[in-house]
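**Student:**
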Amino acid sequence: MKKVCFALMLVAGVIFNMTAQVANPLKGKKILVFSKTAGFRHSSIPYGISAMFELGKKYGFSVDTTQNASLFNEDNLKQYKVVVFNNTTGDVLDAQQQTAFEHYIQAGGGFVGIHAASDTEYDWAWYGKMMGGYFDGHPGKHVSNVQMGKFNVTDAKHPSTEKLPASFERKDEFYNFKQFNKDVKVLMTVDEKSYQEGTMGDFHPMAWYHLYDGGRAFYTNWGHTHETFSDEIPMNHIWGGLLWAGSGKPVKAKKTK
1 MKKVCFALML VAGVIFNMTA QVANPLKGKK ILVFSKTAGF RHSSIPYGIS AMFELGKKYG
61 FSVDTTQNAS LFNEDNLKQY KVVVFNNTTG DVLDAQQQTA FEHYIQAGGG FVGIHAASDT
121 EYDWAWYGKM MGGYFDGHPG KHVSNVQMGK FNVTDAKHPS TEKLPASFER KDEFYNFKQF
181 NKDVKVLMTV DEKSYQEGTM GDFHPMAWYH LYDGGRAFYT NWGHTHETFS DEIPMNHIWG
241 GLLWAGSGKP VKAKKTK
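Residue numbers for the sequence shown follow the UniProt record's numbering, beginning at 1 and rising by one.
#1: Go to Met148, then tell me how far its beta strand (DSSP E) extends in each direction, as first and last residue.
#2: Under three-state DSSP, which class holds Asn76?
#3: For Lys252, which of Ala107, Asn68 and Gly240 has the nearest alpha-carbon?
#4: Determine the DSSP secondary structure at Gln21, reduced to helix, strand or coil.
#5: Cα-Cα, which of Lys185, Phe168, Asp136 and His226 is closest to Tyr219?
#6: Assuming Val83 and Phe61 make a contact with CB atoms under 8 Å, what is their CB distance in whole Å?
#7: Could you check the C-alpha separation between Asp123 and Leu93 for me, to the nearest Å?
#8: Touching or not, the segment 40-49 and the segment 214-229, by the rule of three or more beta carbon pairs under 8 Å?
#9: Any contact between the segment 155-163 and the segment 230-247? By contact I mean 3 or more CB pairs, one from each, below 8 Å.
#10: Would you decide whether Gly39 is buried or exposed? Buried here means 16 or more other CB atoms lie within 10 Å of its CB.
#11: Which of the three DSSP states, helix, strand or coil, is assigned to His224?
#12: Out of Asp91, Pro25 and Gln79, which one is the CA nearest neighbour of Tyr59?
#13: When the Cβ atoms of the segment 177-193 are set against those of the segment 140-148, are three or more pairs found closer than 8 Å?
#14: What separation, rounded to the nearest whole angstrom, lies between the Cα atoms of Gln21 and Asn221?
#15: In angstroms, rounded to a whole number, what distance separates the CA positions of Phe101 and Arg41?
#16: When the Cα atoms are used, what is the spatial distance from Ser118 to Gly133?
#17: Tell me which residue opens and which closes the beta strand (DSSP E) that Phe101 is part of.
#18: Enumerate in chain order the residues of its own chain whose CB-to-CB distance from Thr88 is below 7 Å, with the five nearest sequence positions on each side excluded.
#19: For Leu211, which residues does DSSP report across the bridge?
#20: Within this structure, are the beta carbons of Glu169 and Gly149 separated by less than 8 Å?
#21: Within this structure, are the beta carbons of Gln96 and Gly128 separated by less than 8 Å?
#22: In whole angstroms, give me the CA-to-CA distance for Lys29 and Gly246.
#23: Drop a sphere of 10 angstroms on the beta-carbon of Pro234, count the other beta-carbons inside from all chains shown, and report buried for 16 or more, exposed for fewer.
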């Protein structure tokens, strides 16, 4: 197992060209990477974990990783600047853990959702609004689920998109979304004419962010493929999302009654 983890770290240990244009709010802080699944489990999960460790090493923050939902209590969560849902799926938190996470966000916490984080907690309305939309299928019925698609940046001033080309092509698994929260600020869309089996039409968001219930939430659809976590473009994007999510006020979580 140690040899496998070491090999994954080497894959993720590319030198990313990601010099931030703003002060780094994560320097000296901690993030939590949560990768519990109660449904499909992506093989890219360990690559995402390794990439977070590499970012932490490069930008001076600590990374804790877990699949243990019991760590979602207020005493534990308040030590983290950002919580990352790394390809989580299904019902991963019980009612008490959900309440603790709500309080964490309300106290100024940051959230970053990667790919299948939108395929998580369908019965938790608060989470759905924070997430910005739920998974509603992807290509794969008649064609490959992983395809090349054309992306268009709709907000080039955000840290997650400021280093991206205005338009470019990239291969990944493109989700269709339901219950989309129109209050989010869309960062990037995919052109459904550039691939097959998209269902959202002319406006198909792929990444977004918003202030939510006292905290900050960022989501990117990228993360199905292993290459997401070693390629410069997606890692510039993910680092920018972390940077923004960690830019809120200090987390001072309140106690659950």
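A virtual CB, placed ideally from N, CA and C, is assigned to each residue, including glycine. Keep in mind the model is a prediction, meaning the values are calculated, not measured.
**Tutor:** Considering the structure as presented:
#1: Gln147 to Val153
#2: helix
#3: Ala107
#4: Residue placement at Gln21 is flagged as unreliable, the pLDDT there being 43, under the threshold of 50; a coordinate-derived value is accordingly withheld.
#5: Lys185
#6: Going by Cβ atoms, the distance from Val83 to Phe61 rounds to 13 Å, so no, they are not a contact pair.
#7: 11 Å
#8: yes
#9: yes
#10: exposed
#11: coil
#12: Pro25
#13: no
#14: Note that Gln21 has pLDDT 43, beneath the 50 cutoff, so the model's placement of it is unreliable and the number below is only indicative. Spanning the two alpha carbons is a distance of roughly 24 Å.
#15: 22 Å
#16: 6 Å
#17: Segment Ala95 to Gln106 is the alpha helix (DSSP H) holding Phe101; no beta strand (DSSP E) there.
#18: Phe34, Ser35, Lys36, Thr37, Ala116, Ala117 and Thr120
#19: Arg216
#20: yes
#21: no
#22: 9 Å
#23: buried
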